[in-house]
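Reviewing the structure listed below.
In this note's numbering, the protein residues as written are 27 to 166.
Okay, here's the thing in structure tokens:
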């Protein structure tokens, strides 16, 4: 939809992607995943008859080991304890996604969360691939 929307007062340029669901716009979630989760949890999710969609993207290295797993579990528990209703994750690096763009035959099985659905990355339109790539990568 962003391709058909003009510039917005927040500085978003005409034709650029809009936020997916209640997720921050790509590049605007600069205070980390906990700040984004706390902001989204403040919304009145009950008035959204079709639910709300909150995407977060993490570097695989951020979730490795017991510490990474514990940090993600704490983030999820905090989000839901504050009233959050739905969250989904992409755990992949920009480098892997760029490699998949350049060599799609080697990444046919790569599945990503798009918005309210999952899809094979290499089957997505180039503009949607770019939107997924530019979503902020977080560490915990």
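All C-beta atoms in this analysis are idealised placements derived from N, C-alpha and C, irrespective of residue type, glycine included.
- Under a 10 Å Cβ-count criterion, residue 165 is classified as exposed, with fewer than 16 other Cβ atoms of the shown protein chains found around its own Cβ.
- If you draw a straight line from the Cα of residue 132 to the Cα of residue 70, it is about 43 Å long.
- Look at residue 140 here: in three-state DSSP terms it is coil, with no helix or strand label.
- About 7 Å separates the CB atoms of residue 81 and residue 47; that is less than 8 Å, so the two are in contact.
- Judged by DSSP secondary structure, residue 81 falls outside any alpha helix (DSSP H) and instead within the beta strand (DSSP E) spanning 81 to 84.
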